[in-house]
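**Student:** The sequence shown begins at 1 in the working numbering and counts up by one. Structure provided below as structure tokens; questions to follow.
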Amino acid sequence: MKNIIIAVDGHSSCGKSTVAKAVARKLGIAYIDTGAMYRAVTLYAIRHGLAKEGYIDAEGIAGALSDMDITFSFDKEMGRNTTYLNGENVEDEIRGMAVSGLVSPVSAIPAVRAKLTDWQREMGRNQSVIMDGRDIGTTVFPDADLKIFMTARPEVRARRRYDELTAKGQEANLAEILRNVEERDRQDSTRAVSPLRKADDAIVLDNSDMTREEQFDFVIERVKEIKQAHPCK
Ligand code: DC
1 MKNIIIAVDG
11 HSSCGKSTVA
21 KAVARKLGIA
31 YIDTGAMYRA
41 VTLYAIRHGL
51 AKEGYIDAEG
61 IAGALSDMDI
71 TFSFDKEMGR
81 NTTYLNGENV
91 EDEIRGMAVS
101 GLVSPVSAIP
111 AVRAKLTDWQ
121 REMGRNQSVI
131 MDGRDIGTTV
141 FPDADLKIFM
151 TARPEVRARR
161 RYDELTAKGQ
171 EANLAEILRN
181 VEERDRQDST
191 RAVSPLRKAD
201 DAIVLDNSDM
211 TREEQFDFVI
221 ERVKEIKQAH
231 PCK
């Protein structure tokens, strides 16, 4: 059976990872959260004084990429993926506001995108994967078997991120999160390298008014259609 590559792109905080994880579990394939990789690079940059509000040392960050080892593991106890930066569990820290506020400018650095794109292609070389991000269907895997472009109204997305943070006991301010969501949309869609945009052959999934089950069923239906059209996949 040939490996299958599913690209899930879209705006921030629209539930890409929730759907992608559920689909990965159902199909028994790997799930890769590429946003976590950009977030881990950003955390490294913050910790080494290479990024702070109003200051990004693009050359310094590019030069430090070879010192960063980013890996994932599945935490059975918590039932979730965990991101490691040089062996340290950074899963919670990379979701906080400090990283969220700086991840867009860091991810706009061409050398960062080139390096992470290489790692991501490598991860999809010998296995079936569902990968979520911003440029998976346009740049990382332009020949993906299935491309989903997810979106939702900004207010809905801000509320979801707020609920996620408060559920973990982290402090959160809804208005600040909404500003961050809108600002990231703007930065992600207007950057020079691999801006966020729907691939021409991607299927749009606006989940503003959909349940998780409905989104899951939507993607699984599309996978079934591919398998019917190409029985060897
Ligand atoms: O999916 P997320 O919100 O965790 O992603 C964090 C940031 O990383 C997002 O603002 C843009 C960037 N990103 C990117 O540029 N390309 C990707 N493939 C994934 C994320």
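The beta-carbon is built from N, C-alpha and C at its ideal position, and this holds for glycine as well. Only a predicted model underlies this, so the values are computations on that prediction, with no experimental measurement involved.
Let me know if R25 comes out buried or exposed under the rule of 16 or more other beta-carbons within 10 Å of its beta-carbon.
**Tutor:** Against the sequence shown, residue 25 aligns to sequence position 25. Under this definition R25 is an exposed residue.
**Student:** Specify whether the stretch 110-123 and the stretch 157-172 touch according to this definition: at least 3 beta carbon pairs, one from each stretch, less than 8 Å apart.
**Tutor:** In short, these stretches do not touch, since the Cβ pair count stays below three.
**Student:** Please classify G49: is it buried, with 16 or more other beta-carbons within 10 angstroms of its beta-carbon, or exposed?
**Tutor:** Against the sequence shown, residue 49 aligns to sequence position 49. By the 10 Å Cβ count, G49 comes out exposed.
**Student:** Going along the chain, which unbroken runs of the alpha helix (DSSP H) with 4 or more residues stay wholly within the stretch 31-65?
**Tutor:** Listed in chain order, the complete alpha helix (DSSP H) runs (minimum 4 residues) inside the stretch 31-65 are 34-47 and 58-64.
**Student:** Which parts of the stretch 95-156 are runs of the beta strand (DSSP E), unbroken and 3 residues or longer, counting only runs that do not cross its ends?
**Tutor:** DSSP runs (the beta strand (DSSP E)) wholly in the stretch 95-156: 129-133 and 146-151.
**Student:** How would you call Y55, buried or exposed, if buried means at least 16 neighbouring beta carbons within 10 angstroms?
**Tutor:** Here residue 55 refers to the residue found at position 55 when the sequence shown is read from its first residue. By the neighbour-count rule (16 or more Cβ atoms within 10 Å), Y55 is not buried but exposed.
**Student:** Can you pull the DSSP bridge partners for R80?
**Tutor:** To locate residue 80, count along the sequence shown from 1; it is residue 80. The partner list for R80 (beta bridge, DSSP) reads D75.
**Student:** With contact counted as at least three CB pairs below 8 Å, one residue from each stretch, are the stretch 175-191 and the stretch 40-47 in contact?
**Tutor:** Segments in contact, no.
**Student:** Hey, out of H11, D118 and I6, whose CA is closest to T190's CA?
**Tutor:** Walking along the sequence shown from the start, residue 190 turns up at place 190. Of the listed residues, the one whose Cα sits closest to T190 is H11.
**Student:** Would you please state the rounded distance, in angstroms, between the beta carbons of I220 and V23? I believe it to be under 8 Å.
**Tutor:** Position 220 of the sequence shown, counted from the start, is the residue given in the question as residue 220. Position 23 of the sequence shown, counted from the start, is the residue given in the question as residue 23. Contact flag correct, Cβ pair sits at about 7 Å.
**Student:** On the criterion of 16 or more Cβ atoms from any shown chain inside 10 Å, does P154 qualify as buried, or is it exposed?
**Tutor:** Translated into positions along the sequence shown, residue 154 becomes position 154. When all chains shown are included, P154 counts as buried.
**Student:** Pair every Cβ in the stretch 136-147 with every Cβ in the stretch 158-165, then say whether three or more of these pairs are closer than 8 Å.
**Tutor:** The stretch 136-147, when compared against the stretch 158-165, does not touch it at the 8 Å Cβ threshold.
**Student:** Output the distance between the C-alpha atoms of Q215 and S13, rounded to the nearest integer angstrom.
**Tutor:** The residue given as residue 215 occupies position 215 in the sequence shown. The residue given as residue 13 occupies position 13 in the sequence shown. The alpha-carbon atoms of Q215 and S13 are separated by roughly 15 Å.
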